[in-house]
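Working notes, beginning with the structure itself.
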Amino acid sequence: MTIERLYIWETDEPQYVLETPEDKRKRRISLLVVYITAFSFSLGFSIVLTGVFPYLLQLDGSDPTFTEPKVFFGWVVASFPLGQLIASPLAGYVGKRFGTIRIPLFATLFLFTAGMVFYAMLGAIPPPRRYWMLGSRFVTGMAAATVALSLSYASQATTEAERTTGISIVNFSQTIGFMIGP
Numbered sequence: 312m313t314i315e316r317l318y319i320w321e322t323d324e325p326q327y328v329l330e331t332p333e334d335k336r337k338r339r340i341s342l343l344v345v346y347i348t349a350f351s352f353s354l355g356f357s358i359v360l361t362g363v364f365p366y367l368l369q370l371d372g373s374d375p376t377f378t379e380p381k382v383f384f385g386w387v388v389a390s391f392p393l394g395q396l397i398a399s400p401l402a403g404y405v406g407k408r409f410g411t412i413r414i415p416l417f418a419t420l421f422l423f424t425a426g427m428v429f430y431a432m433l434g435a436i437p438p439p440r441r442y443w444m445l446g447s448r449f450v451t452g453m454a455a456a457t458v459a460l461s462l463s464y465a466s467q468a469t470t471e472a473e474r475t476t477g478i479s480i481v482n483f484s485q486t487i488g489f490m491i492g493p
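Numbering (the numbering used here), first residue to last: 312 to 493.
Now the structure itself:
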């Protein structure tokens, strides 16, 4: 049985621990889950983004008070990164406070699901629906804090030698999700 040294930062002081092959396998599986999560979020973002404007016109295009749909479309698109900007530090704080990313990760997965379901159900809400669309995209953007959590986990769950590769694979997964989506 071989044992490797893994450098981790679970406390403010760095620690060296011994890692068995079984521990290494579990760590690699958890990294795979993180990569798939980053891919899924980017895929969901890019698929929805390409259909937001036609959906916006379908929902509220005939409303006479809706005079500038392209300007409002800009706000809808901007609400996603604004939600991510607000939620990412909060998710990082919660993860650091509890010592695990599981709690904020599950919270962001719930927000993502809720935001996407709400976005899909906008047609069932009475007009004007555009403000609800703005809110659903904001909630989904808050869920995108998962990307920051993924990068954080990749940096913590890899050895110094693996760190660059681990973070690069998270970014690669995200980029592939953006490319495949549209």
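Just so it is clear, CB atoms sit at the ideal spot from N, CA and C, and this is done for glycine as well. Keep in mind that this is a model prediction, so the values were computed, not measured.
Between which residues of its own chain and residue i is the CB-CB distance below 6 Å, once the five residues before and five after are set aside?
i: Ile-480; result: Tyr-346
i: Ser-353; result: Gln-485, Gly-488, Phe-489
i: Ile-412; result: Gly-406, Leu-460, Tyr-464
i: Thr-475; result: none
i: Leu-396; result: none
i: Ser-357; result: Phe-489, Gly-492, Pro-493
i: Met-453; result: Gly-394, Ala-398, Leu-422
What does the alpha-carbon distance come out to for the pair residue i and residue j?
i: Arg-408; j: Leu-416; result: 14 Å
i: Phe-391; j: Thr-348; result: 17 Å
i: Ala-418; j: Val-344; result: 16 Å
i: Ile-414; j: Arg-338; result: 18 Å
i: Val-359; j: Leu-393; result: 16 Å
i: Glu-379; j: Gly-385; result: 10 Å
i: Ala-431; j: Gly-355; result: 12 Å
i: Thr-361; j: Pro-493; result: 6 Å
i: Asp-334; j: Glu-471; result: 17 Å
i: Met-427; j: Phe-483; result: 24 Å
i: Phe-429; j: Ala-455; result: 16 Å
i: Val-458; j: Ala-389; result: 17 Å
By Cβ distance, which residues of its chain are closer than 8 Å to residue i, with the 5 residues on each side in sequence left out?
i: Ser-351; result: Gly-488
i: Ser-341; result: Tyr-464, Ala-468
Just to confirm my understanding: we take residue i, look at its own chain, exclude 5 residues before and 5 after, and list those with CB closer than 7 Å. What are they?
i: Asp-371; result: Phe-377, Pro-438, Pro-439, Arg-440, Arg-441
i: Trp-443; result: Leu-433, Ile-436
i: Val-387; result: Val-363, Leu-367, Met-444, Leu-445, Arg-448
Can you confirm whether the stretch 467–486 touches the stretch 423–430 when touching is taken to mean that 3 or more C-beta pairs between the two stretches lie within less than 8 Å? no
Quick check: the stretch 462–469 against the stretch 401–417, are at least 3 beta-carbon pairs closer than 8 Å? yes
Identify every run of the alpha helix (DSSP H) within the stretch 427–488, keeping only runs that are complete inside it and at least 4 residues long; order them along the chain. 441–454, 457–467
Ranges of the alpha helix (DSSP H) found wholly within the stretch 317–402, counting only runs of at least 4: 332–371
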